[in-house]
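Protein chains in written order, with my numbering: chain C, 142 to 425; chain L, 142 to 425.
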């Protein structure tokens, strides 16, 4: 595995490659878990070369968010990537990615100001930070295919839209959410949970599963009643704070007017100081 | 000369090229004049292949601006490009470039909301429209070098900044403004001037030249007096409307606090319904 740490290094590496031949790319913030590994293994299987980036992107964190606290087990991550057979690890530091004031940003209208981007949640600056860093990484790596996990469904939609609107010409591959045996979606933030919090965290997924059942049942109900049902399941979690529960159109992320499939059911909660998100795509 | 009209066509063409070998790119809105030709000739000289795009970009025009009226002498342009020995002409229509609602835009903070981007001028949406379409074209063509004329100095700075911030890895080449023998900067909009307007239009450049002389003279003056001097030259033009006269830092485009070189002296005026811009980079 080659490790590169500056934009200049990866650009030089990229220029030396022949024009043909597929490059799979998995951008990550590190603290790798089975979710990441499933993306990386798939990228390896489908491409001649696999590039993984490891960068905790400051511009996608709000001033009150957990940038400093975000887990950074760099040695463990590097060993894992080497063992998995990744060809190139791109691990820049903040100064390498943002040498000066960042004047340029990529904005994806509509998709960024709902769910996790709502003013009452992380706010729209979060996803412009995500879109901007992914645009930078795409330009540096110039992959043929890039792999993203559906746990961050909204992020996937934003990147798909950016890729299409800006004619980036990359194939964006959606990969299923990987879960622990009790249903909790794998997330780097799970390591921040206390043992008690970890124990009740799967109720987030249980609430979404209940939502799926309701959406598929023949019984008609109002959106209000539907949300109330999900909410009451989530409220059985001790000390939970609900960030949002939303039922949205899977493409536009516009809020559904009634509980009907196909739809994306997404929720975010806080357990203590840790924020967890999950979603279920409910087909008809 | 190959003519391509869809993103898909140019992406396929680009993919077939070998990884090495330079590609020069000149994005234009057509209505080609000697200014464009100077860029194209330089691109030809410096690159193995030269691509010119021809696209009147609707999203950089305000609702009250001259999108409909913008000159589109397509046949003449095509003949000229063929004669100049361009390798590829990319001439998409609006539907090809914007098949759906445009949700994604590229914003370049600070540089876009001054001069032509000031709310009292064309407004900041103009340059986000420029940055967005240039990002799209860069992604489609993936040139090694791209050529821009300094008549649109602010545009050049915005594209340089975007290229750097988003790690696009393209060399942006600044090319000098080409002028008629009477000093008027070549512009596609010059054809919209009446004979009387055309006759007095060179006074815009004359006013900027006067500004350069003042900046280089040992006599101290206030910014207010300096602007007044330029303004009085411009006001000798019959029926002129002054959009702005600004002295700014050539890199940040922040307004200078006193009349001192190095600085960019830029002005925009309206003659009848036609808007003209020009600038002089004054070195020490």
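Glycine included, each C-beta is placed from N, C-alpha and C at the ideal position.
**Study point:** Start and end residues, alpha helix (DSSP H) containing residue 275 of chain L
**Key:** Taking the first residue of the second chain as 1, we reach residue 275 of chain L at position 134. 265-282 is the span of the alpha helix (DSSP H), which, as asked, contains residue 275 of chain L.
Exercise for review: Note down the Cα distance separating residue 314 of chain C from residue 297 of chain C, rounded to an integer number of angstroms.
Suggested key: Sequence index remark: in the first chain, residue 314 of chain C carries index 173 (1-based). Sequence index remark: in the first chain, residue 297 of chain C carries index 156 (1-based). Taking the CA atoms as reference points, residue 314 of chain C sits about 9 Å from residue 297 of chain C.
**Study point:** Residue range of the alpha helix (DSSP H) that includes residue 382 of chain C
**Key:** For this step, residue 382 of chain C is matched to residue 241 along the first chain. Note, residue 382 of chain C: premise wrong, no alpha helix (DSSP H); beta strand (DSSP E) at 381-389.
Point to revise | Which listed residue (L/260, L/269, L/399, L/220) has its alpha carbon closest to that of residue 143 of chain L | key: For this step, residue 143 of chain L is matched to residue 2 along the second chain. Looking at the Cα atoms, L/220 is the closest of the given residues.
Point to revise | Interface positions of the region 277-309 of chain L facing chain C (Cβ-Cβ less than 7 Å), listed along the chain | key: If the cut-off is 7 Å between Cβ atoms, the region 277-309 of chain L has 277, 280, 281, 302, 303, 306, 307, 308, 309 near chain C.
**Study point:** Alpha-carbon to alpha-carbon, residue 348 of chain C and residue 214 of chain C
**Key:** Numbered from its first residue, the first chain carries residue 214 of chain C at position 73. Numbered from its first residue, the first chain carries residue 348 of chain C at position 207. Separation of residue 214 of chain C and residue 348 of chain C (C-alpha to C-alpha, rounded to the nearest whole angstrom) is 31 Å.
Review point. Helix, strand or coil: how does DSSP classify residue 340 of chain L here?
Key: Here residue 340 of chain L is taken as the residue at index 199 of the second chain, counted from 1. Assigned with DSSP and collapsed to three states, residue 340 of chain L falls in helix.
Point to revise | Beta carbon proximity, residue 245 of chain C to chain L, threshold 7 Å | key: In the first chain, the residue the question calls residue 245 of chain C occupies position 104. So yes, residue 245 of chain C belongs to the interface.
Check your understanding: Using the C-alpha atoms, what's the distance from residue 368 of chain C back to residue 258 of chain L?
Key -> Translated into positions along the second chain, residue 258 of chain L becomes position 117. Translated into positions along the first chain, residue 368 of chain C becomes position 227. Put simply, the backbone Cα of residue 258 of chain L is about 45 Å away from that of residue 368 of chain C.
Check your understanding: Based on Cα-Cα distance, which residue from L/400, L/334, L/384 lies nearest to residue 415 of chain L?
Key -> To locate residue 415 of chain L, count along the second chain from 1; it is residue 274. Looking at the Cα atoms, L/334 is the closest of the given residues.
Review point. In whole angstroms, what is the alpha-carbon distance linking residue 263 of chain C and residue 270 of chain C?
Key: As a first step, residue 263 of chain C is located in the first chain; it is residue number 122 there, counting from the start. As a first step, residue 270 of chain C is located in the first chain; it is residue number 129 there, counting from the start. Cα atoms of residue 263 of chain C and residue 270 of chain C: separation of roughly 11 Å, rounded to the nearest angstrom.
Practice item. Please report how far the alpha carbon of residue 184 of chain L lies from the alpha carbon of residue 397 of chain C, in whole angstroms. Key: Within the second chain, residue 184 of chain L is the residue found at index 43, counting from 1. Within the first chain, residue 397 of chain C is the residue found at index 256, counting from 1. Roughly 52 Å separates the two Cα atoms.
**Study point:** Coil, strand or helix - residue 378 of chain C by DSSP
**Key:** Stepping through the first chain from its first residue, residue 378 of chain C is reached at position 237. Residue 378 of chain C: coil per DSSP, three-state reduction.
Practice item. Report yes if the CB atom of residue 410 of chain L is closer than 7 Å to the CB atom of residue 345 of chain L, and no otherwise. Key: By one-based count along the second chain, residue 410 of chain L stands at place 269. By one-based count along the second chain, residue 345 of chain L stands at place 204. Yes, they are a contact pair.
Review point. For residue 312 of chain L versus residue 350 of chain L, is the C-beta spacing smaller than 7 Å?
Key: What you label residue 312 of chain L is simply residue 171 of the second chain in a count that begins at 1. What you label residue 350 of chain L is simply residue 209 of the second chain in a count that begins at 1. Result no, Cβ atoms of residue 312 of chain L and residue 350 of chain L do not sit closer than 7 Å.
Exercise for review: Assuming residue 181 of chain C and residue 167 of chain C form a contact by the criterion Cβ under 8 Å, report the distance between their Cβ atoms to the nearest whole angstrom.
Suggested key: Within the first chain, residue 181 of chain C is the residue found at index 40, counting from 1. Within the first chain, residue 167 of chain C is the residue found at index 26, counting from 1. Indeed, because the Cβ distance is near 5 Å, the residues count as touching under 8 Å.
Review point. Under 7 Å, do residue 160 of chain L and residue 160 of chain C count as touching if we go by C-beta distance?
Key: In the second chain, the residue the question calls residue 160 of chain L occupies position 19. In the first chain, the residue the question calls residue 160 of chain C occupies position 19. Contact: yes.
Review point. What did DSSP end up calling residue 397 of chain L once you bin it into helix, strand or coil?
Key: What you label residue 397 of chain L is simply residue 256 of the second chain in a count that begins at 1. In the three-state DSSP reduction, residue 397 of chain L falls in the coil class, being neither helix nor strand.
Practice item. Kindly indicate which three-state DSSP category residue 181 of chain L falls into: helix, strand or coil? Key: Taking the first residue of the second chain as 1, we reach residue 181 of chain L at position 40. Helix at residue 181 of chain L.
Practice item. Pull up the distance between the alpha-carbon of residue 189 of chain C and that of residue 225 of chain C, whole angstroms please. Key: For the purposes of this step, residue 189 of chain C is identified with residue 48 of the first chain, where counting begins at 1. For the purposes of this step, residue 225 of chain C is identified with residue 84 of the first chain, where counting begins at 1. If you draw a straight line from the Cα of residue 189 of chain C to the Cα of residue 225 of chain C, it comes to about 15 Å.
Check your understanding: Can you tell me where the alpha helix (DSSP H) with residue 148 of chain L in it begins and where it stops?
Key -> Your numbering for residue 148 of chain L matches position 7 in the second chain. Residue 148 of chain L: member of the alpha helix (DSSP H) spanning 148-157, first to last residue.
Practice item. For residue 389 of chain C, decide whether its Cβ has a neighbour in chain L, counting only Cβ atoms nearer than 7 Å. Key: As a first step, residue 389 of chain C is located in the first chain; it is residue number 248 there, counting from the start. Not closer than 7 Å to any Cβ of chain L, the Cβ of residue 389 of chain C fails to qualify, so no.
Point to revise | Cβ pair count under 8 Å reaching 3, the region 373-380 of chain C against the region 388-395 of chain C | key: No: fewer than three Cβ pairs fall under 8 Å.
Point to revise | Which listed residue (L/229, L/199, L/284, L/246) has its alpha carbon closest to that of residue 165 of chain L | key: As a first step, residue 165 of chain L is located in the second chain; it is residue number 24 there, counting from the start. Of L/229, L/199, L/284, L/246, the residue nearest in Cα terms is L/284.
Review point. Opposite residue 288 of chain L in the DSSP bridges: which residues?
Key: Position 147 of the second chain, counting from 1, holds the residue named residue 288 of chain L. For residue 288 of chain L, which the question treats as bridged, DSSP gives the partners L/314.
Review point. Buried or exposed: which applies to residue 242 of chain C, given that a residue is buried once 16 or more other Cβ atoms fall within 10 Å of its Cβ?
Key: As a first step, residue 242 of chain C must be located in the first chain, where it is residue number 101. Residue 242 of chain C comes out exposed.
Point to revise | Extent of the continuous alpha helix (DSSP H) run through residue 298 of chain L | key: Locating residue 298 of chain L in the second chain gives position 157, where the first residue counts as 1. For residue 298 of chain L, the enclosing alpha helix (DSSP H) has its first and last residue at 294-306.
Review point. Does the Cβ of residue 259 of chain C lie closer than 6 Å to at least one heavy atom of the ligand HEM?
Key: This structure simply doesn't include the ligand HEM, nor any ligand for that matter.
Check your understanding: Grouping DSSP H, G and I as helix and E and B as strand, with all else coil, what is residue 215 of chain L?
Key -> Reading the second chain from its first residue, position 74 is the one you call residue 215 of chain L. If DSSP states are grouped into helix, strand and coil, residue 215 of chain L belongs with the helices.
Exercise for review: Below 8 Å between beta carbons is the criterion; list the residues of the region 242-267 of chain C that meet it against any residue of chain B, in chain order.
Suggested key: Here the protein chains are C and L, and chain B is not one of them.
Point to revise | Where residue 241 of chain L falls: helix, strand or coil (DSSP) | key: If you number the second chain from 1, residue 241 of chain L lands on position 100. Here residue 241 of chain L sits in coil by DSSP.
**Study point:** residue 279 of chain L vs residue 238 of chain L beta-carbon contact at 7 Å
**Key:** As a working mapping, residue 279 of chain L is identified with position 138 in the second chain. As a working mapping, residue 238 of chain L is identified with position 97 in the second chain. One thing to note: residue 279 of chain L has its Cβ no nearer than 7 Å to the Cβ of residue 238 of chain L.
Practice item. Could you tell me whether any Cβ in chain C is nearer than 7 Å to the Cβ of residue 201 of chain L? Key: Mapped onto the second chain, residue 201 of chain L falls at position 60. Answer no: the Cβ-Cβ gap between residue 201 of chain L and chain C never drops below 7 Å.
Review point. DSSP three-state call for residue 331 of chain C: helix, strand or coil?
Key: Numbered from 1 along the first chain, position 190 holds the residue referred to as residue 331 of chain C. DSSP, read as helix, strand or coil, puts residue 331 of chain C in helix.
Exercise for review: Name the residue from L/274, L/196, L/362, L/373 whose alpha carbon lies nearest to the alpha carbon of residue 146 of chain L.
Suggested key: Within the second chain, numbered from 1, the residue matching residue 146 of chain L stands at position 5. Taking the Cα of residue 146 of chain L as reference, the smallest distance to any Cα among L/274, L/196, L/362, L/373 is reached at L/196.
Practice item. Measuring alpha carbon to alpha carbon, tell me which of L/340, L/304, L/329, L/273 ends up nearest residue 207 of chain L. Key: For the purposes of this step, residue 207 of chain L is identified with residue 66 of the second chain, where counting begins at 1. When C-alpha distances from residue 207 of chain L are compared across L/340, L/304, L/329, L/273, the shortest belongs to L/329.
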